[in-house]
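Trainee:
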Amino acid sequence: MKKIILLLSLSLLLSTVVYAEKIFPNCPVESDEEMEIQQIIGQGLFDYLKNPEESSITQDELKDVIDFYFGSDSCYNKGSRTKADYIAILNKIRKVGFLNFQQGTTCALKNTVVPNGTWHREFICIDGLMHPDCTNESASCPAGTLCNATSGRCYQEESYLYSCANSTIEPNYYILQNDVQANESTCFTLGADHTVLDLNGFTIHTEEGAHAVQVNAQKVTIKNGGISGFSSAISVQGSQNVVDGVTVEQSSNGLAVDINGNFNMVSSVTAEQGSGVRVTGNRNAISGLVASGNKIIGNNNWIKDSTIDGKNIAGSKGIYLTGTGNNVTDNTISKHKAAGIHVFSSSKGYIKDNIFSSNYDGIYLQNSEHTIVTDNTIGSSSSKAIYLRSTKSAAVNRNTINGGVHSIRLSHSDSNAMKHNTIIGSSYGPYLYRSDSNRVYYNDITNVKNYGTYVKYSYRNYLFANDIINSKKEGIYLSRSHKNTLSSNDVENSKSYGIRLSSSDSNKMRYNDVIKAKKSGYRLYDSDKNLLWRNDAVEGNSYGFYIYNSDKNKLSFDIAKRNKGRGFYLSSSSSSSYKVSKYNDLNRIRSYDNKYYGIFLRYHKYTKLRNTVSCGNKVADLACAHKPSTFSDNTAEKSSSAYGGCKKSVSKCSDVEYFYGRN
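The opening residue of the sequence shown carries number 0 in numbering that gives the first Met the number 0; numbering runs sequentially from there.
1) Tell me where the beta strand (DSSP E) around L675 begins and ends.
2) Taking the alpha carbon of R509 as the point to measure from, which residue in F599, K518 and L554 has its own alpha carbon closest?
3) Using the DSSP secondary-structure output, state which residues sit across from R609 in a beta bridge.
4) What are the start and end residues of the beta strand (DSSP E) that includes F343?
5) With a threshold of 6 Å on Cβ separation, who are the neighbours of L160 within its own chain once the five nearest residues in sequence on each side are excluded?
6) From the DSSP secondary-structure annotation, give me the bridge partner or partners of N396.
7) Would you report the Cα separation of G524 and L500, rounded to the nearest angstrom?
8) Taking C-alpha atoms, which residue in G287, L196 and L569 lies nearest to S526?
9) Could you work out which residue in R408, T321, V404 and S410 is closest to I423 when comparing CA atoms only?
10) Given a cut-off of 8 Å, decide if R408 and Y440 are closer than it, judged by their beta-carbon atoms.
11) By a C-beta neighbour count over all protein chains shown, 10 Å radius and 16 as the cutoff for buried, is I362 buried or exposed?
12) Using a Cβ-Cβ cut-off of 7 Å (strictly less than) and excluding sequence neighbours within five positions of S677, which residues of its own chain qualify?
13) Pop quiz: T188 and I226 are said to be a contact at Cβ under 8 Å. What is the actual Cβ separation, rounded to whole angstroms?
14) Let me check understanding here. Comparing Cα to Cα, which of A464, R282, R438 and S291 lies closest to V268?
15) A313: buried (16+ other C-beta within 10 angstroms of its C-beta) or exposed?
16) Give the secondary structure of E60 by DSSP, where H, G and I count as helix, E and B as strand, and everything else as coil.
17) Closest to N506 by CA distance: which of N552, G273 and N325 is it?
18) If we count the other Cβ atoms within 10 Å of its Cβ and call it buried at 16 or more, is Q180 buried or exposed?
19) May I ask you to report which of helix, strand or coil DSSP gives D654?
20) Taking C-alpha atoms, which residue in I340, T606 and V612 lies nearest to K626?
21) Taking only the alpha-carbon atoms, compute the straight-line gap between K418 and R397 and give it to the nearest angstrom.
22) Of all the options V395, L288, I377 and D443, which has the alpha carbon lying nearest to the alpha carbon of G348?
23) Quick check on DSSP: helix, strand or coil for D308?
24) Mind reading off the beta-carbon distance from Y456 to Y476? Whole number of angstroms is fine, and I expect it under 8 Å.
25) Just reading off the beta strand (DSSP E) that F544 is part of, what are its end residues?
26) Given a threshold of 16 other Cβ atoms within 10 Å of its Cβ, counted over all protein chains shown, does D59 qualify as buried or as exposed?
27) Using only the alpha-carbon positions, how far apart do D352 and Q272 sit?
28) Determine the burial state of N529: buried for a count of at least 16 other Cβ atoms within 10 Å of its Cβ, exposed for fewer.
29) For D360, is the classification buried or exposed, using 16 other Cβ atoms within 10 angstroms of its Cβ as the cut-off for buried?
30) According to the Cβ coordinates, are Y591 and A622 closer than 8 Å?
31) Could you name the residues of the same chain whose beta carbon sits closer than 7 Å to that of D308, not counting the 5 residues immediately before and after it, in chain order?
32) In whole angstroms, what is the alpha-carbon distance linking S650 and D557?
33) If you drop the 5 nearest sequence neighbours on each side, which residues of the same chain put their C-beta closer than 8 Å to that of N483?
34) Would you please state the rounded distance, in angstroms, between the beta carbons of G228 and L198? I believe it to be under 8 Å.
35) Just tell me which of Q365, H193 and H204 has its CA closest to the CA of N177.
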């Protein structure tokens, strides 16, 4: 019985195919509605021929529908059914029939397009298989096939190339069969979408000229081979193109890939000499690049997983970026005589997880804003590891910087944040020059050869909770910088001063700790109106607090303990009135167990000394060349016999006060 059904089905299939192929082209189409009906009928025919036994319509229904519109007498022979009957059959086809087709299903009619509609995706029969229209955004070609943009078909044909083709190549899969020598300025011109040029491991050679490959299309792929001798090896004008696995060599001043367009991808491209990739456009992706001299102009581009080696060529830059939202991640960038990454006039960029070594500058942000520089490792920059110039609102976080000259340098850059960076062995820690309202906090700064942090001609910056160890000069140095805040910083073993202010006014210092500074823990020189509150100078500093030629400073609850010299020392270059320190206010300060004087006011005028405690200091707890203008409620065990002015109105140290000082 099954054999009979099968034979009947095959007979019907052949007769229907012949019938449909004969009738369909000859029936006039007078409206969009009639065109749609023809499409639905064709859909039902495909569904039936696919599997008559499981079709959504019967053999009679299919024949009647065809007769309804394509009868032998006229195109509109109504047949025996009512109009409602035909509409019901058509709706059944529309709802169920063609949705059963899947990619890879055997086709009854080859090279037949099943038109698009709201109820299904457009499909194409090719090579005996049913495939979706590859120009449909929701569809793609199956593995091993390519898309022809003109027909929408996926194809498997291959065309072989043996020489340059200067005219525009039609869509196809082209495979180079040998090395070629270009005699014209452009060897291959790809002007049709969905073209593939597979260099097949061979090389395009020429003298210095224009382009090896010129692309003026979309969704073109160039892959797997070499190019030598071109000024610009591959030039792409278009979008969604791919350049993959290409090596460019013997072009000392040339450019490997030049892209002008959007959504292009460059992967695994090597430029032995010259420059790597220049991109003008948006949302292009570059990965696996081995080349220097790359330039990105546009927005939201990405370069990652690449090796950028400048080979110490004069003036070389690794990556130049300008635009918005560009990302540079997971690259190795080295040996550039200029910057490893130079970001110019950009915003909202992202530089993350890159490794830098032996560059002049590692990361250079110029005239930019809102850029994130994070989790990079930067070694031995000959100038600056991270350089912000005329840049604002950048975030420089969690970078590790080893050696080199400047670790993080700001010039004319405001409102930036530098947090959780690790700096080891650089000549300078963070260096702020004419830069205002920046935040430098939670950084670990070790073994720097000059200043742990240097702030010069800069205002309203905030330095918080930095650990600075073994700096060869000052741990923190403010020079001609005003209205800054230094809070909760730990400075240890500086070879000069712990925290130094020179010609710097109206700064706030609070909760800072300085240990083992070779000179003073805190040094104020020619600096006025500063506020020091709850700072500690303990364990082995030369002096605790040294205020020199400075006026109108306020110290409250600061502690100097177990230092090698004086705890608190106010002095000037001489006793002449215009050079002495004046109008300073020392209130509730504490000085314990220092090896020289606890509190020593030598050249001063109009000083306030109130509620102080100085106990257990070796030479004297309290000494004054002249009695302060306000002198009240001070506590000291012994005053110096060598200087007058501090012997009266002094309470002796109590056990409680002395016990507090020893803890």
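Note that CB positions come from ideal geometry on N, CA and C, so glycine has one too.
Mentor: In this structure, then:
1) Here the chain comprises residues numbered 0 to 662, so residue 675 is not present and cannot be evaluated.
2) The count along the sequence shown starts at 1 and reaches residue 509 at position 510. Taking only the C-alpha atoms, the option nearest R509 is L554.
3) Here residue 609 is taken as the residue at index 610 of the sequence shown, counted from 1. Paired residues: N586 and S631.
4) As a first step, residue 343 is located in the sequence shown; it is residue number 344 there, counting from the start. Unbroken beta strand (DSSP E) run through F343: A338 to F343.
5) Residue numbering aside, residue 160 sits at position 161 when the sequence shown is read from its first letter. Correct list, in chain order: Y173 and L175.
6) Reading the sequence shown from its first residue, position 397 is the one you call residue 396. N396 is bridged to T373 and K418.
7) Within the sequence shown, residue 524 is the residue found at index 525, counting from 1. Within the sequence shown, residue 500 is the residue found at index 501, counting from 1. Here the sequence assigns Tyr to residue 524, which means Gly is not the residue at that position. Computed Cα separation, rounded: 6 Å.
8) Here residue 526 refers to the residue found at position 527 of the sequence shown. Closest option to S526, Cα to Cα, is L569.
9) Position 424 of the sequence shown holds residue 423. Answer by Cα proximity: V404.
10) Residue 440 sits at position 441 when you count from the first residue of the sequence shown. Residue 408 sits at position 409 when you count from the first residue of the sequence shown. Cβ distance not < 8 Å, so Y440 and R408 don't count as in contact.
11) Here residue 362 is taken as the residue at index 363 of the sequence shown, counted from 1. Buried: at least 16 other Cβ atoms inside 10 Å.
12) As displayed, the chain neither begins before 0 nor continues past 662, which places residue 677 out of reach and without an answer.
13) For this step, residue 188 is matched to residue 189 along the sequence shown. For this step, residue 226 is matched to residue 227 along the sequence shown. About 15 Å separates the two Cβ atoms, so there is no contact after all.
14) Counting from 1 along the sequence shown, the entry for residue 268 is found at position 269. For V268, the nearest C-alpha among the options comes from S291.
15) Your numbering for residue 313 matches position 314 in the sequence shown. Answer is exposed; the Cβ neighbour count stays below 16.
16) Residue numbering aside, residue 60 sits at position 61 when the sequence shown is read from its first letter. The answer is helix: DSSP assigns E60 an H, G or I state.
17) Residue numbering aside, residue 506 sits at position 507 when the sequence shown is read from its first letter. Among N552, G273 and N325, the Cα nearest to that of N506 is on N552.
18) Within the sequence shown, numbered from 1, the residue matching residue 180 stands at position 181. So Q180 counts as exposed.
19) For the purposes of this step, residue 654 is identified with residue 655 of the sequence shown, where counting begins at 1. Residue state, collapsed to three classes: helix.
20) Taking the sequence shown and counting its residues from 1, the one referred to as residue 626 is at position 627. Closest option to K626, Cα to Cα, is T606.
21) Within the sequence shown, residue 418 is the residue found at index 419, counting from 1. Within the sequence shown, residue 397 is the residue found at index 398, counting from 1. Approximately 7 Å between the Cα atoms of the pair.
22) In the sequence shown, the residue the question calls residue 348 occupies position 349. Of the listed residues, the one whose Cα sits closest to G348 is V395.
23) On the sequence shown, residue 308 is found 309 positions in, with the first residue counted as 1. Three-state DSSP puts D308 in a strand.
24) By one-based count along the sequence shown, residue 456 stands at place 457. By one-based count along the sequence shown, residue 476 stands at place 477. About 12 Å; that fails the 8 Å criterion.
25) Here residue 544 refers to the residue found at position 545 of the sequence shown. Residues F544 to Y547.
26) One-based indexing of the sequence shown puts residue 59 at position 60. Exposed, since its Cβ has fewer than 16 Cβ neighbours within 10 Å.
27) For the purposes of this step, residue 352 is taken as residue 353 along the sequence shown, with counting starting at 1. For the purposes of this step, residue 272 is taken as residue 273 along the sequence shown, with counting starting at 1. So the two alpha carbons sit approximately 26 Å from each other.
28) Taking the sequence shown and counting its residues from 1, one reaches residue 529 at position 530. It is buried - the Cβ of N529 has at least 16 other Cβ atoms within 10 Å.
29) Here residue 360 refers to the residue found at position 361 of the sequence shown. Buried: at least 16 other Cβ atoms inside 10 Å.
30) Counted from its first residue, the sequence shown places residue 591 at position 592. Counted from its first residue, the sequence shown places residue 622 at position 623. Taking 8 Å as the Cβ cut-off, Y591 and A622 do not qualify as a contacting pair.
31) Indexing the sequence shown from 1 puts residue 308 at position 309. S291, S333 and K334, listed in sequence order.
32) Locating residue 650 in the sequence shown gives position 651, where the first residue counts as 1. Locating residue 557 in the sequence shown gives position 558, where the first residue counts as 1. When rounded, the distance between both Cα atoms is 19 Å.
33) Counting from one through the sequence shown, the residue named residue 483 turns up at place 484. So the qualifying residues of the chain are V454, S457, Y458, R459, N460, Y461, L462, L477, S503, N506 and K507.
34) If you number the sequence shown from 1, residue 228 lands on position 229. If you number the sequence shown from 1, residue 198 lands on position 199. Wrong, their Cβ atoms sit about 15 Å apart, outside the cutoff.
35) Here residue 177 refers to the residue found at position 178 of the sequence shown. Measuring from the Cα of N177, the nearest candidate turns out to be H204.
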